[in-house]
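The opening residue of the sequence shown carries number 57 in my numbering; numbering runs sequentially from there.
By construction, the Cβ of each residue, glycine as well, lies at the ideal position given by its N, Cα and C atoms.
Below is one structure, written out as structure tokens; the observations come after it.
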Amino acid sequence: MDFLNHFLLVLSLVAVFFHSAAAQATKNFTHICDPLRYENLGLNMADFGFCDKSLPYDVRVKILVDSMSAAEKVQQLGNKASGVPRLGLPYYNWWSEALHGVSDVGGGSHFDSRIPGATSFPEVINAGATFNETLWKKTGQVVSTEARAMHNVGLAGLTFWSPNINVVRDPRWGRIMETPGEDPYLVGRYAVNYVRGLQDVEGHEQPDDLSTRPLKVSSCCKHYAAYDLDSWFGSDRFHFDAKVIEQDMVETFQRPFEMCVKDGDVSAVMCSYNRVDGIPTCADPRLLGQTIRGDWNLNGYIVSDCDSIQVLHQYQNWLNYTREEAVAQVLRAGLDLDCGDYYPDHTLPAIQQGKVREGDVDKALYNLYMVLMRLGYFDDIPQYSSLGPKDVCTEEHIELAVDSARQSIVLLKNENNTLPLNPKIYKNKTVAVVGPHAFSHWWMLGNYYGIPCRVIEPSKGISKYVNVSTQKGCNDCHCRDKKGFPAAVHAARHADATFLTVGLSVDCEAESLDRTDLRLPGFQTDLINEIVNASPKPVIMVILSAGGLDISFAKNNPKIGAILWAGYPGEEGGRAIADVIFGNYNPGGRLPITWYPTDYVGMLPMTSMPLRPVHDLGYPGRTYKFYNGPKVYPFGYGLSYTKFTTKLVSSTSSFSPVLPNNVHCHPLRSTQKTYQRSCPSVNIEDMSCSETIDFEIEVTNVGGTSGSHVVLVYSVPPLELIGYPMKQLVGYQRVFVDAGKCESVKFSLNACRSLAVVNPTAYTVVPSGMHTITVGNEDEINVSFSVTSNLDH
57 MDFLNHFLLV LSLVAVFFHS AAAQATKNFT HICDPLRYEN LGLNMADFGF CDKSLPYDVR
117 VKILVDSMSA AEKVQQLGNK ASGVPRLGLP YYNWWSEALH GVSDVGGGSH FDSRIPGATS
177 FPEVINAGAT FNETLWKKTG QVVSTEARAM HNVGLAGLTF WSPNINVVRD PRWGRIMETP
237 GEDPYLVGRY AVNYVRGLQD VEGHEQPDDL STRPLKVSSC CKHYAAYDLD SWFGSDRFHF
297 DAKVIEQDMV ETFQRPFEMC VKDGDVSAVM CSYNRVDGIP TCADPRLLGQ TIRGDWNLNG
357 YIVSDCDSIQ VLHQYQNWLN YTREEAVAQV LRAGLDLDCG DYYPDHTLPA IQQGKVREGD
417 VDKALYNLYM VLMRLGYFDD IPQYSSLGPK DVCTEEHIEL AVDSARQSIV LLKNENNTLP
477 LNPKIYKNKT VAVVGPHAFS HWWMLGNYYG IPCRVIEPSK GISKYVNVST QKGCNDCHCR
537 DKKGFPAAVH AARHADATFL TVGLSVDCEA ESLDRTDLRL PGFQTDLINE IVNASPKPVI
597 MVILSAGGLD ISFAKNNPKI GAILWAGYPG EEGGRAIADV IFGNYNPGGR LPITWYPTDY
657 VGMLPMTSMP LRPVHDLGYP GRTYKFYNGP KVYPFGYGLS YTKFTTKLVS STSSFSPVLP
717 NNVHCHPLRS TQKTYQRSCP SVNIEDMSCS ETIDFEIEVT NVGGTSGSHV VLVYSVPPLE
777 LIGYPMKQLV GYQRVFVDAG KCESVKFSLN ACRSLAVVNP TAYTVVPSGM HTITVGNEDE
837 INVSFSVTSN LDH
């Protein structure tokens, strides 16, 4: 009897083991259409035609959608898609984030003991400062590799709502950290490269049929459109109505999204909370169906910012719609997925009340499941099946994060070559690291971060080179009192050098938190001045922030020898900062935004949307393209430990597009009463333009330190035109040049795109006349291009 009981106990334990193993196997299946998975569910996969791999994706998706009841369909339209158990379709959370590394924001991805963290790269504003497209794409590739690895063990989805590609219009915006900068071309190029890095499957980058090309993960460009205000003096993103002229819409607010869809082939776009000219963006059929899906040919889905439908119904009370009417309107406008509960809760009643067709739901589901098909959610993508914990937080990935941070650091001031410090001289000396960011840990990560592999704060990074004495002086960026000042001053007075780590953090600028001025918050300026006055040795200021700061007092203070902007440099930020300070890396970053003086924001409200000056109201222009007033530091500014010179080697000198005789020419405003040309400008959509502007620049490093130089190329339209950009970025390259050596940098710019402007009627046109290509912020090289056509006599 004892033997029988023992035998039965062993059998029960074996059964429990195999049941647990099967349950665990079901949980960790990497794709749906696996026969073993269906067997574990007690279903026969052969009964479900959407798992027939011999059929095209569109047929399989139609079979899947047609297999659902209306009640089941609507439950798949929220970010927490319930699944359909009778079809073997599991729950799926669409909301994961990968702004600068895999994040646990949204719930679609999370960490546990198997993968406790992921590589946290510098914030996107730092990426913009590198002006390095290769780096952007490589970062996307690493992030998607880690995302796939996490997916394979059941810790992540495959749809990531990143990147944020809203152009920085106003320096007060709290979300500047999430964006590449203020130039729409730069932002668009970042979007294209980061999205390609996230999505592209090697060997399938440019297939014949884009609608079915496989995806490594799905990326989403957000927030569309004209969204760049969160909360400012009673105006918030949920209620704000952005009054935008079509010229600005085409030229600035839509351009990065158009590039993201057309050139990046992104698989999702997110609409924003705000209204544009009275209409909520998520309910505007012109913005969604007509433009994104129609004009730009999106191969993917459109998703709302979270709870946007609820916002337009409850907060905006748009057109006094009921919940069902609101759901019907956004569905007809082209919104496929609701980040929220309004679609799942109110779409079925909307169908039953005749306010929307079930066929509109089918179209949305088609767009959603086509993306999941392309992701291998149903069939897997074999080349990624071996990815797992070993592929996350690798040494290679961490080193890329370090390199990204180094490349992004901008040297703003270096009086009398204060930097770099010689580590041999300071080896046995003590330096003071003071300020609210001395022990900066999570603050270095910015926002939308996950759990990093590790974090090296500034004091820890600097301690690798020298002895460190650390005092914060202020507890945080608000610096509300001076209680910590005496200890910080004492540390600086007795140190051989002092590093002031100051600036902002997500406590002072963030989503839902716009700034009201451009000064350092609280008593930080007082802390800096007291430290500077007490320190007998070199003082170096290190700024952590996204938005620009008016630090004119520090810029003009000769006792502050050097100033570095480090942005939010990610998990390896302290190491990168130390490497730059002690000369292990020569800084080459450039500011991707203009740093304005404090009085700039007193000249215009944040709610004023025009980019061009509003002369009747005394409002200055915005961004480097339209603002010509005083600056603390201009867009594209950045110093080096060495000196570079540039020389034009060769160039094209003219561009003469051949136009059909029936082309429609557009007038342009100019300083002349009449623009004396028979064809003042022509719409580039009317042109088949393959001509290029080709030129070669020789960059010589005439200093003693090897380093990188960013070559910025701008287009200047004919000077007699009125109301157009003073200049606009059309190209850039980051080139490494050894000390005493030279490198050749070649540009081949599409003539139409590079010389085009947007006229007041929102046509993108190429003006006739003398254009200029300038190289460098100080117009180091000017090349003039005469644009004439066969119609211009």
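**OP:** Going by CA-CA distance only, name the one from Gln197, Ile584, Lys109 and Leu600 that's closest to phenylalanine 495.
**Re:** Among Gln197, Ile584, Lys109 and Leu600, the Cα nearest to that of phenylalanine 495 is on Leu600.
Quiz item: So the alpha helix (DSSP H) glycine 184 belongs to, where does it begin and stop?
Solution: For glycine 184, the enclosing alpha helix (DSSP H) begins and ends at 180-186.
| request: Determine the DSSP secondary structure at aspartate 333, reduced to helix, strand or coil. | output: When DSSP states are grouped into helix, strand and coil, aspartate 333 belongs to the coil group.
Which class does serine 441 belong to by DSSP, given the choice of helix, strand or coil? Serine 441: coil per DSSP, three-state reduction.
Check: Would the beta-carbon of valine 595 fall within 7 Å of that of isoleucine 619?
Finding: With contacts defined by Cβ atoms closer than 7 Å, valine 595 and isoleucine 619 do not form a contacting pair.
* Which full runs of the beta strand (DSSP E) of 3+ residues lie inside the region 457-488, going along the chain? -> Listed in chain order, the complete beta strand (DSSP E) runs (minimum 3 residues) inside the region 457-488 are 466-470.
Could you check the C-alpha separation between asparagine 838 and glutamine 784 for me, to the nearest Å? Straight-line Cα distance between these residues: approximately 14 Å.
For leucine 620, the first and last residue of its enclosing alpha helix (DSSP H): That residue, leucine 620, is in no alpha helix (DSSP H); its beta strand (DSSP E) goes 616-621.
- Out of Gly603, Val598 and Ile365, point me to the one whose CA is closest to alanine 610's CA. Residue Val598 is the option with its Cα nearest to alanine 610.
Quick one: Cα of valine 831 to Cα of tyrosine 770, how far?
If you take the alpha carbons of valine 831 and tyrosine 770, they lie about 6 Å apart.
Discussion item. Does lysine 193 come out as helix, strand or coil in the three-state DSSP assignment?
Written reply: Helix, per DSSP.
Query - Stretch-stretch touch, CB-based, cutoff 8 Å, three pairs: the region 356-363 with the region 395-407 - result: In this structure the region 356-363 lies against the region 395-407, because at least three pairs of beta carbons, one per stretch, are closer than 8 Å.
Checklist entry - Ordered along the chain, which non-local residues of its own chain (more than five positions away) have a Cβ less than 7 Å from that of asparagine 222? => result Closer than 7 Å at the Cβ level, and outside the excluded window around asparagine 222, lie Thr235, His279, Tyr283 and Asp284.
Note to self: Give me the DSSP bridge partner(s) of valine 524.
What the structure shows: Answer is Val487, bridged to valine 524.
Using a C-beta cutoff of 7 Å, does glutamine 132 count as contacting chain C? Looking for chain C here will not work: only one protein chain is present.
- Item | Bridge partners - isoleucine 596, DSSP secondary structure assignment | DSSP lists Phe555 and Ala618 as partners of isoleucine 596.
Quiz item: Going by the beta-carbon positions, is the gap between proline 514 and threonine 557 smaller than 7 Å?
Solution: Yes; because the gap between Cβ atoms is below 7 Å, this pair is in contact.
Nearest to threonine 450 (by Cα), restricted to the options Val772, Asn642, Val199 and Val161
Selected option, being the one with the closest Cα: Val199.
Should glutamate 238 go down as buried or exposed, given a rule of 16 or more other Cβ atoms within 10 Å for buried? It is buried - the Cβ of glutamate 238 has at least 16 other Cβ atoms within 10 Å.
Close beta carbons around serine 291, own chain, < 8 Å, minus the five adjacent residues each side: Closer than 8 Å at the Cβ level, and outside the excluded window around serine 291, lie Leu285, Met662 and Thr663.
Helix, strand or coil at serine 165 according to DSSP, with G and I counted as helix: Coil at serine 165, not helix or strand.
In chain order, what residues of the same chain have a beta carbon less than 6 Å from the beta carbon of isoleucine 88, not counting five sequence neighbours either side? Result list for isoleucine 88: Phe434, in chain order.
Q) How long is the line joining the alpha carbons of tyrosine 788 and valine 317, rounded to whole angstroms? A) Approximately 21 Å between the Cα atoms of the pair.
- Candidates Ile232, Phe106 and Val522: closest to isoleucine 481 by CA position: Residue Val522 is the option with its Cα nearest to isoleucine 481.
message: Among the candidates His765, Gly244, Lys485 and Leu805, whose CA atom is the shortest distance from the CA of arginine 790?
response: Nearest of His765, Gly244, Lys485 and Leu805 to arginine 790, Cα basis: His765.
Q: Report back the beta-carbon spacing between tyrosine 440 and arginine 733 to the nearest angstrom; my notes put them in contact at under 8 Å.
A: Their Cβ separation, rounded to whole angstroms, is 56 Å, which puts tyrosine 440 and arginine 733 out of contact at 8 Å.
Own chain residues within Cβ distance below 7 Å of leucine 936, not counting five before or after
Residue coverage of the chain in this structure runs from 57 to 849, which leaves residue 936 outside it and unanswerable.
Inset, instruction - Have a look at isoleucine 181 and proline 648 and give me their C-alpha separation to the nearest angstrom. - result: Those two C-alpha atoms are separated by around 7 Å.
Q) Between the C-alpha atoms of valine 705 and phenylalanine 309, what's the straight-line distance to the nearest angstrom? A) The alpha-carbon atoms of valine 705 and phenylalanine 309 are separated by roughly 36 Å.
Practice prompt. Say whether the region 401-418 touches the region 168-182, bearing in mind that this needs 3 or more beta-carbon pairs closer than 8 Å, one atom from each stretch.
Written response: No, the region 401-418 does not touch the region 168-182.
query: Rounded to a whole number of angstroms, what is the C-alpha to C-alpha distance between serine 169 and cysteine 276?
result: Take the alpha-carbon of serine 169 and the one of cysteine 276: they are about 29 Å apart.
Determine which residues share a DSSP beta bridge with arginine 790 and list them.
Looking at the DSSP assignment, arginine 790 forms a beta bridge with Val766.
**OP:** With DSSP collapsed to three states, give me the class of alanine 566.
**Re:** The answer is strand: DSSP assigns alanine 566 an E or B state.
7 Å Cβ cutoff met for valine 511 and glutamate 381: Not in contact: valine 511 and glutamate 381 (Cβ atoms no closer than 7 Å).
> Under a Cβ-count criterion, where at least 16 other Cβ atoms within 10 Å of its own Cβ denotes burial, should alanine 81 be classed as buried or exposed?
Replying inline: Caution is warranted here: a pLDDT of 37 is assigned to alanine 81, below 50, making its placement in the model unreliable, and no coordinate value can be reported.
Any contact between the region 344-361 and the region 254-262? By contact I mean 3 or more CB pairs, one from each, below 8 Å. With a cut-off of 8 Å, the region 254-262 and the region 344-361 do not count as touching, because too few Cβ pairs lie within range.
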